[in-house]
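The numbers in the working numbering rise by one with no breaks, and the one at position 250 of the sequence shown is 250.
To keep things clear, I will list the structure first and then write my remarks on it.
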Amino acid sequence: MNIAIVGTGYVGLVTGSCLAEIGHQVTCLDTDRNKVARMSSGISPIHEPGLEELMKKNIDEGKLFFTTDYNEGIRNAEVIYIAVGTPQNSDGTPDLTDVKQAARDIAVNINKNAIVVTKSTVSIGTTEYVKELIQSLINDEVKIDVVHNPEFLREGSAIHDTFYGDRIVIGAENHQASSVLKEINSAFGIPVFVTDIRNAEMIKYASNAFLATKISFINEIANICEKVDANVEEVAYGMGLDKRIGHHYLQAGIGYGGSCFPKDTSALVHLAGGVEHDFELLKAVIRVNNHQQISLVDKAKKRLGSLKGKKVAVLGLAYKPDTDDVREAASLVVVKRLLEESAFVTAFDPYATENAKQQLPKSVFYTHSIKNALDGADIAFILTEWDEIKRFSLSEYETLMKHAIVFDGRNCFPLEDVKDYNIEYYSIGRQTIL
């Protein structure tokens, strides 16, 4: 099937590459000429394991194309996906500017009947609005159907999630449109749930809000564990053995981040307020997460009294491993707070440094070596559980730092291992090693 993808951000690029892999002819559209040129050469603008290999394979096989020419990309498309960004407005609502522009671009260039699929995370009713907007701009001879097909990809494992996901959700206005989307995705062999458009839009928000709630819940349990001398890892494992609960998203740490959870929880709170429902539970989830992100700095201040003039090594800037994404990352909050306390910050991340530079003050020093970050440091903060950081020898903390004081926001090291070294070790929901 001939498919066009409007937008080559995280969702659009992964979706386009995977649809090409299962046999479709896919053209991805973007307005950035330099970006399109790089992608046409098989160079991914984002760090995602396996993505470049998938791009190059399908470009070579003549199934994946990139262009800035919307007429070229849309005129032969039977299905057109809108996969542009929907960042958060200041009031918590999603910014639909790019979605509306994509709809206009489709209307200007479409010349035959087609299905338009909103893949972006959008507020309830947006997919219907997209149809109305396109129909108001095209001639009566061209007919469109609209479908909402939310993504459930985890950054760092998006290719795997596309091919081995739990479900594909299709929100359609009629059986014919849903049947086409089912056929497009049939090669994935994943269970398909068909519902109406508004239900599909709500499923995306509700799913992310629930997962965020699990994270904030276990972080509150972790905070209690620290005060009663319990170990949150043992507690979480015992909880997860209950099949009603499960082990997923019960890893205590310094809170969730990224492009989805913070944005989607805020959007759902705002949506609830718009229909006169006070979503107290989700508001508490957000408050807990905001507090959790600064918990390590509070521990460090309590331990040292003052952070003024201290050299701090920050290990990890991405909001999670295997991505270069720093959107809503805890590292941004922690580093800014450290600078406010007049600390000197040296930061390391294997992939996210350039993105972090766009978000953090210029006074942060960056290094491509964990050793350089730790050399002469008074304290170290571990903020992303990269394998490179987890494999780094604890003996090096002893050797390189003035006195090894480590605040681990991701519980990277077993407590029994830490006890073998002369390290002060503060983690989340576990015993402090002195």
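A virtual CB, placed ideally from N, CA and C, is assigned to each residue, including glycine.
| request: With a threshold of 16 other CB atoms inside 10 Å of the CB of Gln251, please say whether the residue is buried or exposed. | output: Its Cβ being crowded by 16 or more others within 10 Å, Gln251 is buried.
| query | By the 10 Å Cβ neighbour count, where 16 or more other Cβ atoms means buried, how is Gly274 classified, buried or exposed? | reply | By the 10 Å Cβ count, Gly274 comes out exposed.
| said: Pull the bridge partners of Gln25 from the DSSP assignment, please. | reply: According to DSSP, which records beta bridges pairwise, Gln25 is partnered with Asn2.
| query | What residues in its chain sit with their C-beta under 8 angstroms from that of Tyr421, if we drop five residues either side in the sequence? | reply | Excluding positions up to five away in sequence, the list reads Leu394, Ser395, Tyr397, Glu398 and Ala404.
| query | So, Gly171 versus Ala209, is the Cβ gap smaller than 7 angstroms? | reply | Their beta carbons are not under 7 angstroms apart, which means Gly171 does not touch Ala209 by this criterion.
| task | May I ask which residues mark the beginning and end of the alpha helix (DSSP H) holding Thr346? | result | Thr346: not part of any alpha helix (DSSP H); member of the beta strand (DSSP E) spanning Phe344 to Phe348, first to last residue.
| task | Look up Asp408 in the DSSP assignment and give the residues it is bridged to. | result | Beta-bridge pairing by DSSP links Asp408 to Ile382.
| message | What does the Cβ neighbour count give for Asp196, buried or exposed, with the cut at 16 atoms within 10 Å? | response | It is exposed - the Cβ of Asp196 has fewer than 16 other Cβ atoms within 10 Å.
| field | Every unbroken beta strand (DSSP E) inside the segment 124-181 [3 residues or more] | value | As far as the segment 124-181 is concerned, its whole beta strand (DSSP E) runs of at least 3 residues are 144-148 and 168-172.
| Is the distance from the Cβ of Leu268 to the Cβ of Tyr205 below 7 angstroms? | Cβ distance < 7 angstroms, so Leu268 and Tyr205 count as in contact.
| field | Straight-line Cα distance separating Leu400 from Leu374 | value | Their backbone Cα atoms lie some 6 angstroms apart in a straight line.
| field | The alpha helix (DSSP H) enclosing Val269, as first and last residue numbers | value | Looking at the DSSP string, the run of the alpha helix (DSSP H) that includes Val269 is Phe261 to Gly274.
| request: Using the DSSP secondary-structure output, state which residues sit across from Gln88 in a beta bridge. | output: Its beta-bridge partners are Pro94.
| Proximal residues to Leu455 (C-beta, below 8 angstroms), its chain only, five neighbours per side dropped | Limits of the chain in this structure are 1 at one end and 434 at the other, which puts residue 455 out of reach.
| message | So the candidates are Gln25, Leu415 and Lys131; which of them puts its Cα closest to the Cα of Asn76? | response | Residue Gln25 holds the alpha-carbon nearest to the alpha-carbon of Asn76 among Gln25, Leu415 and Lys131.
| query | When the distance is taken between beta carbons, is Gly429 closer than 7 angstroms to Leu383? | reply | No, they are not a contact pair.
| query | With a cut-off of 8 angstroms, do at least 3 Cβ pairs link the segment 296-316 to the segment 343-357? | reply | The answer is yes - the segment 343-357 touches the segment 296-316, with three or more Cβ pairs under 8 angstroms.
| query | Taking the alpha carbon of Ala103 as the point to measure from, which residue in Ile168, Phe193, Gly92 and Val6 has its own alpha carbon closest? | reply | Of the candidates Ile168, Phe193, Gly92 and Val6, the residue whose Cα lies closest to the Cα of Ala103 is Val6.
| task | Mind checking which residues open and close the alpha helix (DSSP H) that includes Thr353? | result | DSSP places Thr353 inside the alpha helix (DSSP H), whose first and last residues are Thr353 to Lys357.
| task | Assign Arg327 to buried or exposed, taking buried as 16 or more other Cβ atoms, counted over all protein chains shown, within 10 Å of its Cβ. | result | Burial call: buried.
| said: Among the candidates Pro94, Leu96 and Val142, whose CA atom is the shortest distance from the CA of Asn111? | reply: The shortest Cα separation from Asn111 among Pro94, Leu96 and Val142 belongs to Val142.
| message | Since Gly257 and Ala330 should fall inside the 8 angstroms C-beta cutoff, what is the C-beta to C-beta distance between them, to a whole number of angstroms? | response | About 6 angstroms; that satisfies the 8 angstroms criterion.
| said: Suppose contacts are defined by Cβ-Cβ distances below 7 angstroms. Is Asn219 in contact with Gln292 by that definition? | reply: With contacts defined by Cβ atoms closer than 7 angstroms, Asn219 and Gln292 form a contacting pair.
| request: Per DSSP, which residues does Phe66 bridge with? Please list them. | output: Phe66 pairs with Cys28.
| task | Look at the Cβ atom of Tyr4, then the Cβ atom of Thr27, and state whether they are nearer than 7 angstroms. | result | The amino acid at residue 4 is misidentified as Tyr; the sequence shows Ala. In this structure, Thr27 lies closer than 7 angstroms to Ala4 by Cβ.
| said: Could you give the first and the last residue of the continuous beta strand (DSSP E) run that contains Lys308? | reply: Here Lys308 belongs to no beta strand (DSSP E), and DSSP marks it neither H nor E.
| task | For Tyr397, name the three-state secondary structure that DSSP assigns. | result | In the structure shown, Tyr397 adopts helical secondary structure according to DSSP, grouped into three states.
| Considering only residues of the segment 168-256, which uninterrupted alpha helix (DSSP H) runs meet the minimum length of 4 residues and lie entirely inside it, listed in chain order? | When DSSP assignments are scanned along the segment 168-256, the uninterrupted stretches of alpha helix (DSSP H) that are 4 or more residues long and fall wholly within it turn out to be 175-185, 197-228 and 232-240.
| Inter-residue CB distance, Thr15 and Glu234 (contact presumed, cutoff 8 angstroms) | Rounded, the Cβ-Cβ distance is 39 angstroms, inconsistent with contact.
| Contact between the segment 51-64 and the segment 80-99: three or more CB pairs below 8 angstroms? | Contact between the segment 51-64 and the segment 80-99 is absent: fewer than 3 CB-CB pairs across the two stretches fall below 8 angstroms.
| request: Could you check which residue in Asp98, Gly156 and Ala37 has the C-alpha nearest to that of Pro321? | output: Ranked by Cα distance from Pro321, the first of Asp98, Gly156 and Ala37 is Gly156.
| For Val314, which residues does DSSP report across the bridge? | Looking at the DSSP assignment, Val314 forms a beta bridge with Ala347 and Phe381.
| Local conformation of Tyr10 per DSSP, three classes | Look at Tyr10 here: in three-state DSSP terms it is helix.
| request: Determine the contact status of Gly409 and Leu296, defining contact as a CB-CB distance below 7 angstroms. | output: It is a contact, given that the beta carbons lie within the stated cut-off.
| Excluding sequence positions up to five away, which residues of its chain have a Cβ less than 6 angstroms from the Cβ of Leu211? | So the list reads Tyr249, once near-sequence residues are dropped.
| Supposed close pair Asn149, Lys119 - CB separation, criterion 8 angstroms | About 6 angstroms separates the two Cβ atoms, so the contact holds.
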